[in-house]
Every structure is written in C-alpha cells, then in structure tokens.
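Count the sequence shown with the UniProt record's numbering and you get residues 1 to 219, in order.
Note that the Cβ used here is the ideal one computed from N, Cα and C, for glycine as well.
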Amino acid sequence: MIKIELVYFSCHGRVFVIRALLELSGIDYEDTRLEWRSANFAAQKDDFPLGQLPVLKVDGVSFCQTKAILAFCQKQTTFKKLKGVESLKADMVYESIEDAWMKMLKPGYVAKAAAGEDITAQGRAFYKTVKSGAAEAFTQIEKILKFAKVDDMVIGGKRSVADLMILNLWIFAHDPRVNVHGYFKENCPTGVQVVERLMQDAKIQEIVAKARQVRYLPY
C-alpha cells in the first residue's frame with residue numbers, strides 16, 4: 001500500500017476537492033498543514049518541487065501541480081468509473097467552473113497586490129473585488145450546468161470530481177470573509193441542487209462541517 005502525505009497551507013485553497021476525494025474513499029493520508037508566511041514553510045520551501053503548495057508526497061517522493069495531484073487521487077478513489085462521454089462531460093463542467101472561478105479571483109489578486117504592504121488592507125481589497133465579480137461568475141457556471149443538462153448530479157448516478165468542485169465553490173461562497181453565498185443561491189440554482197444532493201450523504205455532511213471551521217484563503 002502506498003503512503004500518501006498531503007502538504008498544504010492551513011486553509012482550503014486548492015486542496016478541498018483533493019481531501020474530499022481521499023476521505024470519501026477512506027484513503028489514509030498524512031495531513032500536513034503549514035501556516036502561510038511562517039518560518040516553518042520558509043524552512044521547507046526549497047524542498048518542494050516549485051517552492052509552492054500544495055504538494056503530494058507518494059512513498060516519500062514529492063509531486064506538485066494541483067491538477068496532476070487531483071488526477072492521481074481520483075484514480076485512487078472508490079467512485080464509479082466514468083465512461084467516455086461521461087468523463088468528457090464531467091471534465092467540461094469542472095474546467096468551466098475553474099475558468100469562471102479564476103475570472104472572479106484574478107482581479108482580486110491584482111487589487112491585493114496594489115493595496116500595499118499592510119496584510120489587512122490587502123485582504124480588504126481582495127475580498128471587495130471578488131464580491132464585485134461573484135454574480136457574473138456564478139451566472140457563467142449556471143450556464144454550463146444548464147447546457148450540460150445537470151439536475152442534481154453532473155453525471156446521473158455517478159459522483160464525480162465536478163460535483164465536488166461545485167461543493168468547493170459553495171464552501172468558498174460561504175466563507176465569512178468571502179460572503180457571496182447569496183449570489184451563489186440567486187445566480188446558480190442548479191449548483192444549489194447539486195450541493196443539496198451531496199449533503200444527503202452523512203460523510204459529506206461531516207466533511208462540510210469540518211470545512212466550514214477553517215478559513216478558505218490565508219489572508
């Protein structure tokens with residue numbers, strides 16, 4: 001049996017879906033969290049492939065890049081295998097959500113960088129900008145869900161990473177600092193249906209309850 005260690009900042013960021021995949025399939029892994037801008041991270045930074053997180057260690061060998069880590073973890077799961085067009089559809093939805101989400105986040109990062117050295121001011125500028133683009137981003141996500149004829153699962157009868165990505169976005173929207181869940185509910189009703197279906201699973205409820213106790217981003 002392989003030994004897995006997931007190393008990431010002490011927030012959700014890009015690792016929520018990865019952790020959910022592992023936990024839903026009962027895969028044991030070492031959960032290593034480092035504080036953003038901490039001496040502990042700085043001391044280990046040169047040991048990471050690109051000096052960034054997240055990093056997945058498999059039998060002691062480090063790997064980076066979120067999509068690569070996600071693809072590996074997906075292959076370890078007990079989820080029903082998607083066939084041909086099912087996989088294509090799930091990937092289409094996942095990538096579309098990623099694109100819309102990044103479209104919402106990137107202006108926030110620009111505003112954060114322009115806010116000076118004060119961390120509080122950076123956070124304020126980031127979240128204000130993100131909120132201004134939330135409705136448009138969620139509308140775009142709803143558009144692809146409707147196009148893909150999604151009801152309450154991206155692929156009927158089969159849980160996929162695309163479903164978990166929608167849940168990830170819902171958790172992001174409900175973070176007190178982000179606070180755009182109203183826009184999510186109003187502009188992405190199909191996404192709400194997917195989340196409600198997922199939340200019928202007791203394990204998902206447990207994962208979400210734990211997730212909502214942790215900040216989504218480190219600033």
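**Report entry** Enclosing beta strand (DSSP E) for aspartate 31 [first to last residue]
**Finding:** 30–34
Query raised in the report: If you draw a straight line from the alpha carbon of glycine 60 to that of glutamate 186, how long is it in whole angstroms?
Result: 45 Å
Report task. Name the residue from Val194, Val15 and Leu56 whose alpha carbon lies nearest to the alpha carbon of valine 150. Result -> Val194
Query raised in the report: Between the beta-carbon of arginine 159 and the beta-carbon of phenylalanine 79, is there less than 7 Å?
Result: yes
Report task. Give the DSSP-derived three-state secondary structure of isoleucine 192 in the structure shown. Result -> Reading the sequence as shown, one finds valine at residue 192 and not isoleucine. Helix at valine 192.
Query - Secondary structure of leucine 88, DSSP reduced to three states - result: helix
Report task. For arginine 19, count neighbouring C-beta atoms within 10 Å of its own C-beta (all shown protein chains included) and say buried if the count is 16 or more, exposed if not. Result -> buried
Query raised in the report: So, tyrosine 8 versus leucine 53, is the Cβ gap smaller than 7 Å?
Result: yes
Query raised in the report: Does the count of Cβ pairs from the segment 102–111 and the segment 128–141 closer than 8 Å reach three?
Result: yes
Query raised in the report: What are the boundary residues of the beta strand (DSSP E) that isoleucine 4 is part of?
Result: 4–9
Report task. Determine, using beta carbons only, whether isoleucine 144 and serine 87 come nearer to each other than 7 Å. Result -> no
Requested in this report: Report yes if the CB atom of alanine 90 is closer than 7 Å to the CB atom of alanine 202, and no otherwise.
Outcome: no
Report task. Give the DSSP bridge partners of leucine 56, in chain order. Result -> Leu6 and Phe63
Requested in this report: Identify the continuous alpha helix (DSSP H) that holds glutamate 23 and give its terminal residues.
Outcome: 16–24
Report task. Report buried or exposed for threonine 129, applying the criterion of at least 16 other Cβ atoms within 10 angstroms of its Cβ. Result -> buried
Query raised in the report: Can you tell me the Cα-Cα spacing of methionine 153 and glutamate 35, whole angstroms?
Result: 35 Å
Report task. Quick one: grab the DSSP three-state call for lysine 106. Result -> helix
Requested in this report: Report the rounded CA-to-CA distance for isoleucine 166 versus serine 25, giving the unit in angstroms.
Outcome: 18 Å
Query raised in the report: Buried or exposed: where does glutamate 142 fall if 16 or more other Cβ atoms within 10 Å of its Cβ makes it buried?
Result: buried
Requested in this report: Consult DSSP for isoleucine 27 and reduce its assignment to one of helix, strand or coil.
Outcome: coil
**Report entry** Euclidean distance between Cα positions of residue 244 and leucine 6
**Finding:** With the chain running from 1 to 219 in the structure shown, residue 244 is simply not present.
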